[in-house]
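Q:
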Amino acid sequence: MHRVILHGSCRADGRSAALADELFNACIEECPDDGVSIVSVSSAEVRPCIGCDKCRAVSEEPIHVFQEGDPLLPQEAVVETDALFHHCIIDDDMNEVRKHLDAADELIVVCPVYFASVPAQMKALLDRLQPYYFTDLRTRPKRPAVIHVVGEGGDPHGFEPLIGTVRSALSVAGFSVELVLDWVGKIRADGEITADAEEYPLPPVGGFGALGFGGDYECIEVADGDAPVDGAFADGAFAGEPEDELGDGADDGFEDFVVAERACRSDGRAKLSVSQKPARPKEGAESGRHAGGRGKGPRKPSKSGGPAYGKKNTKKKGNGRGGRR
1 MHRVILHGSC
11 RADGRSAALA
21 DELFNACIEE
31 CPDDGVSIVS
41 VSSAEVRPCI
51 GCDKCRAVSE
61 EPIHVFQEGD
71 PLLPQEAVVE
81 TDALFHHCII
91 DDDMNEVRKH
101 LDAADELIVV
111 CPVYFASVPA
121 QMKALLDRLQ
131 PYYFTDLRTR
141 PKRPAVIHVV
151 GEGGDPHGFE
161 PLIGTVRSAL
171 SVAGFSVELV
181 LDWVGKIRAD
191 GEITADAEEY
201 PLPPVGGFGA
211 LGFGGDYECI
221 EVADGDAPVD
231 GAFADGAFAG
241 EPEDELGDGA
251 DDGFEDFVVA
261 ERACRSDGRA
271 KLSVSQKPAR
281 PKEGAESGRH
291 AGGRGKGPRK
301 PSKSGGPAYG
311 KKNTKKKGNG
321 RGGRR
């Protein structure tokens with residue numbers, strides 16, 4: 001059993017690096033017979049994808065030649081596909097990164113929040129997973145992945161774009177995000193952990209757009225300068241009653257919406273505002289984000305009996321260890 005910790009920060013000694021090391025050490029302590037390695041973008045040279053689609057072609061030779069006893073032998077799910085035969089023409093450290101990912105039974109992503117998403121270096125690595133897209137690995141049963149989100153805090157826009165970006169890229173490489181742990185504001189700049197992580201609910205696949213229109217939102221067309229204030233709308237936006245344009249008894253999906261009169265901007269075009277209605281509490285259900293209740297945050301047993309963040313106590317050096325050990 002092998003786990004890979006993917007450290008997505010360009011800083012080799014920041015908050016997320018400290019957490020990645022904590023997880024690495026915990027893997028060794030709790031699963032001494034398993035293997036764990038760290039891939040860090042701070043020490044790996046991974047250039048951006050150039051969108052040439054050359055990785056679509058199937059090569060005659062695999063990207064890796066393995067020796068007997070290699071601790072990073074690819075998983076059976078990878079071997080059964082032609083993933084190893086889709087090469088990238090860019091010559092850098094990404095092939096070594098792929099070797100670790102292909103060997104992973106479980107993947108742990110530790111990533112800081114940069115403007116609600118991942119750092120540029122991490123995005124470059126995720127984009128370079130494109131060769132997997134041209135294989136059927138993305139259609140096979142997925143290996144589990146956990147995301148640990150790290151940050152100082154203070155961004156009102158949250159980090160759901162980070163989850164969507166990581167989730168999408170890892171999916172084509174054969175991983176499924178099963179858990180997100182929120183460490184934002186819980187790790188000091190010197191790496192000291194001041195509080196346990198909270199489990200963050202996974203957003204729907206596809207994000208807000210995948211939800212479609214439903215009763216929790218109201219669509220209001222407003223004139224320039226008008227904005228919702230405390231659940232009401234300023235002068236200039238007049239809400240009308242919802243109508244069923246399909247006739248009595250027909251369900252067009254918009255009965256729960258408040259449809260406003262068309263208010264035009266100075267250029268004559270309408271401006272649309274989407275405002276969230278107060279949540280409708282469900283009987284017998286708790287609302288809001290909940291704490292993970294997992295003692296020390298990430299130490300959640302996996303289905304296989306080990307921790308959800310590492311296996312094998314084989315320490316890797318060079319690009320695989322981020323030069324930190």
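The sequence shown begins at 1 in the numbering used here and counts up one residue at a time. Built from N, CA and C at the ideal position, the CB exists for glycine as well.
Opposite G35 in the DSSP bridges: which residues?
A: Answer is H2.
Q: Counting pairs of Cβ atoms below 8 Å between the segment 149-168 and the segment 39-52, do you hit three or more?
A: Counting Cβ pairs under 8 Å, fewer than three are found: no touch.
Q: Using 7 Å as the threshold, is the C-beta distance between V328 and A124 below it?
A: Absent from the structure is residue 328, since the part of the chain shown begins at 1 and ends at 325.
Q: With distance defined between alpha-carbon atoms, name the residue in R188, I193 and L181 nearest to E199.
A: Residue L181 is the option with its Cα nearest to E199.
Q: If you check the beta carbons only, do F159 and A116 fall under 7 Å apart?
A: Yes; because the gap between Cβ atoms is below 7 Å, this pair is in contact.
Q: DSSP on V172, reduced to helix/strand/coil?
A: Reduced to three states, the DSSP call for V172 is helix.
Q: Between V97 and A20, which are expected to be in contact by the criterion C-beta below 8 Å, what is the C-beta distance as a whole number of angstroms?
A: Their Cβ separation, rounded to whole angstroms, is 15 Å, which puts V97 and A20 out of contact at 8 Å.
Q: Checking contacts by CB at 7 Å: is E22 closer than that to chain B?
A: No chain B appears in the structure shown, which is made up of a single protein chain.
Q: Buried or exposed: which applies to C52, given that a residue is buried once 16 or more other Cβ atoms fall within 10 Å of its Cβ?
A: It counts as exposed.
Q: Does D13 pass the burial test, meaning 16 or more other C-beta atoms within 10 Å, or should it be called exposed?
A: By the neighbour-count rule (16 or more Cβ atoms within 10 Å), D13 is not buried but exposed.
Q: Which residues does DSSP list as the beta-bridge partners of H87?
A: None, per the DSSP bridge assignment.
Q: Mark R56 as exposed unless 16 or more other C-beta atoms lie within 10 angstroms of its C-beta, in which case mark it buried.
A: By the 10 Å Cβ count, R56 comes out exposed.
Q: Between which two residues does the alpha helix (DSSP H) holding C27 run?
A: Unbroken alpha helix (DSSP H) run through C27: R15 to E30.
Q: Could you say which of I28, G151, R15 and R11 lies nearest to V4 if we only look at CA atoms?
A: Ranking I28, G151, R15 and R11 by Cα distance to V4 puts I28 first.
Q: Tell whether a beta-carbon distance below 7 Å holds between I187 and R15.
A: The answer is yes: Cβ separation under 7 Å.
Q: Leaving out the 5 sequence neighbours to the left and right, which residues in its chain are closer than 6 Å to E241 when beta-carbon positions are compared?
A: Low confidence applies here, because E241 scores a pLDDT of 39, under 50, leaving its location unreliable; read the following figure in that light. No residues qualify anywhere along the chain.
Q: Out of E22, E80 and H87, which has the shortest C-alpha to C-alpha gap to S59?
A: With distances taken between Cα atoms, S59 lies closest to H87.
Q: How about L101 and V146: are their beta carbons less than 7 Å apart?
A: No, Cβ-Cβ distance for L101 and V146 is not below 7 Å.
Q: Relative to the alpha-carbon of A197, which residue among V149, P203 and L72 has its alpha-carbon at the smallest distance?
A: Per the Cα distances, V149.
Q: In three-state terms, what does DSSP make of I63?
A: It is coil, neither helix nor strand.
Q: Can you give me the Cβ contacts of Y132 inside the same chain, cut-off strictly under 8 Å, excluding the 5 residues immediately before and after it?
A: Here the set comprises A83, H86, R138, V172, A173 and G174.
Q: Quick one: is D155 buried, meaning 16 or more other Cβ sit within 10 Å of its Cβ, or exposed?
A: Burial call: exposed.
Q: Less than 8 Å between C-beta atoms, sequence neighbours within five positions excluded: which residues of the same chain meet that for I89?
A: Excluding residues within five positions, the ones whose Cβ falls inside 8 Å are C52, K54 and C55.
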